[in-house]
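Q: So that we are looking at the same thing, I have put the structure below in structure tokens.
Numbering (mature numbering (1 follows the signal peptide of the UniProt record, and there is no 0)), first residue to last: -18 to -1, 1 to 229.
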């Protein structure tokens, strides 16, 4: 299956690599997959710097794919990540990462990202399809100021209709209960808690307030937690909360 994915999604659809054709004997080895994911980040980033729209970049990356597959989520997320990096470089000319080093080009940004646990997990997922562990859904209980839900229900709400989801939340804070899938940091050193959504590749991502860093360091995967976020939006195909605190 991986061989089919790679050969069908090679960058003939990306203008910057259109002259190259995929080798017919490519095999589903981890090194090939790592190179593929890294190249997709770089290409999406560079296309953004050239003024190509986000929608066009995503459409090219996932052209012909079935949306109801893990691979679609991987490619969508990776291309969107590259677009986000390109957009940041376009606006700010550089990215300062956790160790205070400065990155000013797509290639260096991709190399840093490929060394993170999140991207290693993506490659692992492409190497061997893994059945997601689902958190149990339950009915939401909300009030005028806080919208209460579970991570799985929130993901389903946004997956059905992003506009309707935002309208239902109505600008309220969002209280999310779910099982911790991962605890990590993004390239800007922000603490991110991921809750199981039913799709391991598209967890609910909650960006924690700086004051919660110590509590986050004490978390373990598999714990059930309730977290409240001041804002919620659909980013890179999954619900993402900002300015979040532990209940």
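For each residue, glycine too, the CB sits at the ideal point set by N, CA and C.
Quick caveat: nothing in here was measured; it's all calculated off a predicted structure.
Whether or not the region 189 to 196 and the region 217 to 229 are in contact is what I'm after, with contact meaning three or more pairs of Cβ atoms, one per stretch, closer than 8 angstroms; do they touch?
A: yes
Q: Please identify the residue among 179, 27, 215 whose C-alpha is closest to the C-alpha of residue 161.
A: Closest option to residue 161, Cα to Cα, is 179.
Q: For residue 202, count the other beta carbons within 10 Å of its own beta carbon; 16 or more makes it buried, fewer makes it exposed. Which is it?
A: exposed
Q: Provide the residue(s) that pair with residue 176 in DSSP beta bridges, ordered along the chain.
A: 164, 187
Q: Give the straight-line distance between the Cα atoms of residue 204 and residue 132, rounded to the nearest whole angstrom.
A: So the alpha carbons of these two residues sit roughly 15 angstroms apart.
Q: From 89, 172, 41, pick the residue whose C-alpha is nearest to that of residue 196; which is it?
A: Ranked by Cα distance from residue 196, the first of 89, 172, 41 is 172.
Q: What's the gap between the Cα of residue 26 and the Cα of residue 70?
A: 13 angstroms
Q: Output needed for residue 91: all residues of its chain with C-beta closer than 7 angstroms, excluding positions within five of it in sequence on either side, in chain order.
A: 27, 67, 77, 85
Q: What are the start and end residues of the beta strand (DSSP E) that includes residue 128?
A: Counting along the chain, the beta strand (DSSP E) containing residue 128 begins and ends at 128 to 132.
Q: What residues match up with residue 214 in a beta bridge as DSSP calls it?
A: 223
Q: Enumerate, from N- to C-terminal direction, the unbroken alpha helix (DSSP H) stretches of 4 or more residues contained entirely within the region 23 to 91.
A: You should have 36 to 43, 52 to 74.
Q: What do you get for residue 120, buried or exposed, if any count of 16 or more other CB atoms within 10 angstroms of its CB means buried?
A: Note that residue 120 has pLDDT 40, beneath the 50 cutoff, so the model's placement of it is unreliable and the number below is only indicative. Burial call: exposed.
Q: Hey, quick one: how far does the alpha helix (DSSP H) through residue 194 stretch, first residue to last?
A: Segment: none, residue 194 is in no alpha helix (DSSP H) and carries neither H nor E.
Q: Where does residue 202 fall in DSSP's three states?
A: coil
Q: Using DSSP with H/G/I as helix, E/B as strand and the rest coil, what is residue 115?
A: At residue 115, the pLDDT of 35 sits below 50, so the modelled position is not reliable; the number obtained from the coordinates is stated separately. If DSSP states are grouped into helix, strand and coil, residue 115 belongs with coil.
Q: Going by DSSP, which residues form a beta bridge with residue 20?
A: Beta-bridge pairing links residue 20 to no other residue.
Q: What does DSSP give as the partner residues of residue 157 in its beta bridges?
A: 130, 210
Q: Exposed or buried, what is residue 64 when buried is set at 16 or more other beta-carbons lying within 10 Å of its beta-carbon?
A: buried
Q: Please confirm whether residue 156 and residue 208 have their CB atoms less than 8 angstroms apart.
A: no
Q: Using the Cα positions of residue 59 and residue 217, report the straight-line distance between them to the nearest angstrom.
A: 9 angstroms
Q: Which term fits residue 147, buried or exposed, when burial requires 16 or more other beta carbons within 10 angstroms of its beta carbon?
A: buried
Q: Determine the direct distance from the alpha carbon of residue 21 to that of residue 127, and round the result to whole angstroms.
A: 44 angstroms
Q: Given that a residue counts as buried once 16 or more other Cβ atoms are within 10 Å of its Cβ, and exposed if not, what is residue 38?
A: exposed
Q: Where do the N-terminal and C-terminal ends of the alpha helix (DSSP H) with residue 229 fall, by residue?
A: No alpha helix (DSSP H) contains residue 229, which DSSP labels as neither H nor E.
Q: With distances taken Cα to Cα, identify the nearest neighbour of residue 235 among 164, 186, 170, 214.
A: Outside the shown range of the chain (-18 to 229) lies residue 235, about which nothing can therefore be said.
Q: Count the other CB atoms, across all protein chains shown, that sit within 10 Å of the CB of residue 134; report buried if there are 16 or more and exposed otherwise.
A: buried
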